[in-house]
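So the sequences go chain by chain: A and B. Residue numbers in the first sequence follow this note's numbering, run continuously in steps of one, and reach 333 at the last position. Residue numbers in the second sequence follow this note's numbering, run continuously in steps of one, and reach 814 at the last position.
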Amino acid sequence: MSTEERSSTVTQTGTTPRYRVDLATLDWLERRSDTQFVYMMLLPVFALLGTMAIWPLIYTANISLHADSIATADPIGEFVGHRNYVDILTGEANLQRPFFSLSNPFTSAAPVTLIYTVSAVLVETVLGLSMALILNREFRGRRWVRVAMILPWTVPIVIQGMIFYLMFQPSIGFAVGPLNDLGVVSSTPLATSRDGLLIAIIADVWKQSAFMALLILAGLQSIDRSLYSVARVAGASRIQQFKTITFPLVLPALLVALLFRTIGALKVYGLVESTAGCNTVPTLSCLVINLWSANRYGSAAAVAFIIAAVIGILLVGYLVQLRKQETGGT
Amino acid sequence: MLGRSSNETVGANRRTIRRRGFIKITGAASITAGVAGCFGGADDSALQLTATNEWQNNSDEIQQALYDAGLSEDIEIELISGGSKTDEMQNQYSQWLSSNQAKPDLLVFDSGWTLPFIVRGQILNLEGELPEDTLETIHDDYFEQSVNSTTGPDGKLHGVPLYPDFPTIQYRKDLVEEAGYDWGRHRTDPLSWERFSHELADVYEQSDVTYGYNWQAASEIQLACCVFNEFVSSWGGAYFGNPEENLYGPIGDRPVTVAEEPVFEALRMARTFIHGTDEPDTLDEFAGEITSDEAFQWGLSPSMQPFTDGNAVALRNWPYSININGADDVLGEDMGVMPMPYGVPEGEGEYPGTGGSIGALGGWNYCVNPNTNRLDECLEVLQVLTTEEFQRENFELVGHIPPNPDVLENADDVPVMGRYLDALSFAGEHTMARPATAVWSQQSDPVAQEVNAALMGDVGVEEAMSKLDSRLTELETSFSDS
Numbered sequence: 004m005s006t007e008e009r010s011s012t013v014t015q016t017g018t019t020p021r022y023r024v025d026l027a028t029l030d031w032l033e034r035r036s037d038t039q040f041v042y043m044m045l046l047p048v049f050a051l052l053g054t055m056a057i058w059p060l061i062y063t064a065n066i067s068l069h070a071d072s073i074a075t076a077d078p079i080g081e082f083v084g085h086r087n088y089v090d091i092l093t094g095e096a097n098l099q100r101p102f103f104s105l106s107n108p109f110t111s112a113a114p115v116t117l118i119y120t121v122s123a124v125l126v127e128t129v130l131g132l133s134m135a136l137i138l139n140r141e142f143r144g145r146r147w148v149r150v151a152m153i154l155p156w157t158v159p160i161v162i163q164g165m166i167f168y169l170m171f172q173p174s175i176g177f178a179v180g181p182l183n184d185l186g187v188v189s190s191t192p193l194a195t196s197r198d199g200l201l202i203a204i205i206a207d208v209w210k211q212s213a214f215m216a217l218l219i220l221a222g223l224q225s226i227d228r229s230l231y232s233v234a235r236v237a238g239a240s241r242i243q244q245f246k247t248i249t250f251p252l253v254l255p256a257l258l259v260a261l262l263f264r265t266i267g268a269l270k271v272y273g274l275v276e277s278t279a280g281c282n283t284v285p286t287l288s289c290l291v292i293n294l295w296s297a298n299r300y301g302s303a304a305a306v307a308f309i310i311a312a313v314i315g316i317l318l319v320g321y322l323v324q325l326r327k328q329e330t331g332g333t
Numbered sequence: 333m334l335g336r337s338s339n340e341t342v343g344a345n346r347r348t349i350r351r352r353g354f355i356k357i358t359g360a361a362s363i364t365a366g367v368a369g370c371f372g373g374a375d376d377s378a379l380q381l382t383a384t385n386e387w388q389n390n391s392d393e394i395q396q397a398l399y400d401a402g403l404s405e406d407i408e409i410e411l412i413s414g415g416s417k418t419d420e421m422q423n424q425y426s427q428w429l430s431s432n433q434a435k436p437d438l439l440v441f442d443s444g445w446t447l448p449f450i451v452r453g454q455i456l457n458l459e460g461e462l463p464e465d466t467l468e469t470i471h472d473d474y475f476e477q478s479v480n481s482t483t484g485p486d487g488k489l490h491g492v493p494l495y496p497d498f499p500t501i502q503y504r505k506d507l508v509e510e511a512g513y514d515w516g517r518h519r520t521d522p523l524s525w526e527r528f529s530h531e532l533a534d535v536y537e538q539s540d541v542t543y544g545y546n547w548q549a550a551s552e553i554q555l556a557c558c559v560f561n562e563f564v565s566s567w568g569g570a571y572f573g574n575p576e577e578n579l580y581g582p583i584g585d586r587p588v589t590v591a592e593e594p595v596f597e598a599l600r601m602a603r604t605f606i607h608g609t610d611e612p613d614t615l616d617e618f619a620g621e622i623t624s625d626e627a628f629q630w631g632l633s634p635s636m637q638p639f640t641d642g643n644a645v646a647l648r649n650w651p652y653s654i655n656i657n658g659a660d661d662v663l664g665e666d667m668g669v670m671p672m673p674y675g676v677p678e679g680e681g682e683y684p685g686t687g688g689s690i691g692a693l694g695g696w697n698y699c700v701n702p703n704t705n706r707l708d709e710c711l712e713v714l715q716v717l718t719t720e721e722f723q724r725e726n727f728e729l730v731g732h733i734p735p736n737p738d739v740l741e742n743a744d745d746v747p748v749m750g751r752y753l754d755a756l757s758f759a760g761e762h763t764m765a766r767p768a769t770a771v772w773s774q775q776s777d778p779v780a781q782e783v784n785a786a787l788m789g790d791v792g793v794e795e796a797m798s799k800l801d802s803r804l805t806e807l808e809t810s811f812s813d814s
């Protein structure tokens, strides 16, 4: 189409050609400030986040304020306000297991999750720190040791669960006999809540210690080496160097690692389900899944939000601690 | 200043180019994604059916069998997965049907959880939709318990049984005969549990296999719905009183009857099988230690593996495993099959329908998505499922037991499964459906947990059942209140 023909078309239809609008849009965009431009570019991300994360969260929160509805076509019952939360926290809700019972620490959801989280994260922290301290030193074959240590972390959860499931199957698992002889586990460890919980903790430590080590190692390697030279000149022992230089300076990285692992442990489901099973080791996430499967959407959402609240409180605690570290405790 | 202005100009130019370039690239990417989305959508031309794993593994053969049995060639079938496990399928269906999706058109339902969907009005009522003669065939000729599992409280049929499932005892015929017993004559004349335990203990002692009688005692749904249900029913007990009246409700208005003597006896017998007679809560008149304590961790596959390897005397399992274990390259004709033994004789149970040889009823039903846009085609598929030709072919291909007993009785020429028709037919006529009400998915976990704990000896039998009674009663009450 020639220029004349194009002009003729514009005149005849009385409309602006499309490319002129595009150019005008681009010019308008270019006149925006950097800040405005950045926000405009972020709008799709905000829209996506709102659709994929915030809206489902609000929707689930709304469900948690409604009664369970098992026998009607409408899966959501009538609005009951905070009753689901009160019923769960006071033990009135008829959950499949007691939600919190210290008299049954191995068969109640909250104590099981608490024991799992505290034990796993504690051991992982100690092991992770030790591994990081070793990896931070120069020695022959360090690269190979790093690969060996990180390898468990690359294993998918289901495979990890299957490995430990097979290890503790009496007829085929090599771990049952010796551990049973030592009195550590029973002859059918995956069938008892105490042993099942222990196995889940060991499996978690096996995998996640490497993750802790990686994060702590990153912190260790950011420490200025000259500090150690000064300390050595001043006659500080290795323990004194650790107490006064290494530990305070690696603490922020350690806290971040602790935060990640604590959140992960509080949400544990896949590992437990693929080893001993949720009936034997009932964690809070198991409870949510079981309630959801039974069409008790209100109760399931309420338990999920209670877990989220606990994680939120922990998160705030960690962030406050981190801020203290950054500002030197002021 | 000059230099700074110059830099700003350069920066501005660079920024201009970046912005234009960025807009163009993102525009192009959006168009590409949009076009890809148009071409990548689901194909709606086929009639969509969710399918069992066996059907999915033999998709082409099954589709051909449907066409051979009379399905119109112009109906294109697409078999899809609703989930790899039964509870995954249940959750998936909840989401699909709650959101009123038109697809999948036909859904295969586990008989253990068809009823909650019927109660919630999420499955099409087939009365008035299917032809009268098809409805008559299903109501009059099919395994009654299978039809009950897909019939609503209003008595209306909401699904067509695809196949019933019931357990039997598989055993090493060669070992049993070498020990001097003939269990072949019990194919339609079941043993009592007491005699079974003594004879099996003797066979076990005389043979060199590692395991005696393998069954599933892990704290899983399998224990609640089926294994313990069978023990209890064969001893004349029940979860909720009279099964003929209370199996499907009314929730909250039916008695919880797990803290009763027949249930205690069933548990004591099961404990005897594992722990022997010297432990508390066991029965002296039974032979003990015929089941390994590994059973506490056994689901279906772990309990079956030793038997498949020829390393166990007997196994409780579903018919799919007969097809596997009876294959020529596994146990072949060395494997025998007989119905479940009984605790008290038939008719002498505490409740009607209990006592005698009883296997828990499993199986699957095909139901229509009420939101489908292709109702006529769905109904045509359902009618084909009721034909004798298709049921025989399905039995031969994947081992699904024909839901019409007449078809089963005439299928003795089918390889492997055909050898055990008399035992299968007897077992099919002696089944007990699970109490698959809307609240059962909540109740099956406590049953599995308390029974497993009592079997292991963590708590006494009466204490465990008393606790279970309270938990089930609470659930019944809270459900009827909600």
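Note that CB positions come from ideal geometry on N, CA and C, so glycine has one too.
{"Item": "From Asn298/A, Gly320/A, Thr283/A and Leu317/A, residue whose alpha carbon lies closest to that of asparagine 335/A", "Value": "Outside the displayed range of chain A (4 to 333) lies residue 335/A, so it cannot be described from this structure."}
{"Item": "Chain-ordered chain A contacts of proline 778/B [CB-CB under 9 Å]", "Value": "Gln99 and Arg100"}
{"Item": "Min CB distance serine 802/B to chain A below 7 Å", "Value": "no"}
{"Item": "Within chain B, partners of threonine 75/A - CB distance below 8 Å", "Value": "Arg452 and Gly453"}
{"Item": "Test: serine 404/B CB closer than 7 Å to a CB of chain A", "Value": "no"}
{"Item": "Close-in-space but distant-in-sequence residues of the same chain around glycine 792/B (CB under 8 Å, 5 per side omitted)", "Value": "Pro612, Asp613 and Ala786"}
{"Item": "Contact set between asparagine 423/B and chain A, taken where Cβ atoms lie within less than 8 Å", "Value": "Trp295 and Ser296"}
{"Item": "Under 7 Å from the C-beta of alanine 550/B: neighbouring residues of chain A", "Value": "Ala194"}
{"Item": "DSSP three-state assignment for aspartate 465/B, whether helix, strand or coil", "Value": "helix"}
{"Item": "Where asparagine 282/A meets chain B, residues with beta-carbon distance less than 7 Å", "Value": "Ser551, Glu552, Asp777, Ala780 and Gln781"}
{"Item": "Option nearest glutamine 163/A by Cα separation, candidates Ala206/A, Ser104/A, Gly301/A and Ala76/A", "Value": "Ala206/A"}
{"Item": "In chain order, each alpha helix (DSSP H) run of at least 4 residues that lies wholly inside the segment 715 to 795 of chain B", "Value": "720 to 730, 737 to 741, 753 to 761 and 772 to 788"}
{"Item": "Alanine 221/A versus isoleucine 314/A: straight-line alpha-carbon distance, rounded", "Value": "25 Å"}
{"Item": "Stretch-stretch touch, CB-based, cutoff 8 Å, three pairs: the segment 512 to 520 of chain B with the segment 587 to 601 of chain B", "Value": "no"}
{"Item": "Nearest-angstrom Cα separation, counted from valine 208/A out to leucine 154/A", "Value": "13 Å"}
{"Item": "Simplified DSSP assignment, three categories, for serine 232/A", "Value": "helix"}
{"Item": "Residues within the segment 170 to 190 of chain A neighbouring chain B, beta-carbon criterion of under 7 Å", "Value": "Gln172, Pro173, Ser174 and Ser190"}
{"Item": "Interface residues of chain A facing glutamate 806/B [CB-CB closer than 8 Å]", "Value": "Asn97"}
{"Item": "Status (buried if at least 16 other CB within 10 Å, exposed otherwise) for tyrosine 42/A", "Value": "exposed"}
{"Item": "Chain-order list of residues whose beta-carbon lies under 7 Å from that of glutamine 324/A (same chain, five-residue window excluded)", "Value": "Leu258"}
{"Item": "Beta carbon proximity, arginine 628/B to chain A, threshold 7 Å", "Value": "For the record, residue 628/B in the displayed sequence is phenylalanine; it is not arginine. It does: the Cβ of phenylalanine 628/B has a partner Cβ on chain A nearer than 7 Å."}
{"Item": "Cutoff 7 Å: proline 78/A Cβ touching any chain B Cβ", "Value": "yes"}
{"Item": "Own chain residues within Cβ distance below 8 Å of isoleucine 175/A, not counting five before or after", "Value": "Leu169"}
{"Item": "Residue burial classification, phenylalanine 605/B (beta-carbon count within 10 angstroms, cutoff 16)", "Value": "buried"}
{"Item": "Phenylalanine 758/B versus Ala796/B, Asp521/B, Ala556/B and Gly789/B, residue with shortest Cα-Cα distance", "Value": "Asp521/B"}
{"Item": "Nearest-angstrom Cβ-Cβ length linking serine 566/B and methionine 672/B, presumed shorter than 8 Å", "Value": "7 Å"}
{"Item": "Start-to-end residues for the alpha helix (DSSP H) that takes in phenylalanine 102/A", "Value": "Where phenylalanine 102/A is concerned, there is no enclosing alpha helix (DSSP H), given that its DSSP letter is neither H nor E."}
{"Item": "Glutamine 629/B vs threonine 191/A beta-carbon contact at 7 Å", "Value": "yes"}
{"Item": "Neighbouring residues, chain A, relative to valine 588/B (Cβ below 9 Å)", "Value": "Those within 9 Å of valine 588/B in chain A number zero; the least Cβ separation is about 14 Å."}
{"Item": "Proline 181/A (DSSP reduced to helix, strand or coil)", "Value": "helix"}
{"Item": "Contact with chain A by alanine 770/B, beta-carbon distance below 7 Å", "Value": "yes"}
{"Item": "Closer than 7 Å to chain A by CB, glutamate 795/B", "Value": "no"}
{"Item": "Through-space distance from isoleucine 61/A to alanine 2/A, alpha-carbon basis", "Value": "Lying before the first or after the last residue shown, residue 2/A is absent from chain A, which here runs from 4 to 333."}
{"Item": "Residue environment, serine 776/B, which counts as buried when at least 16 other CB atoms sit within 10 Å", "Value": "buried"}
{"Item": "Touching by the beta-carbon criterion (3+ pairs, under 8 Å), the segment 443 to 461 of chain B and the segment 487 to 500 of chain B", "Value": "yes"}
{"Item": "Run of the beta strand (DSSP E) containing leucine 647/B, from where it starts to where it stops", "Value": "644 to 649"}
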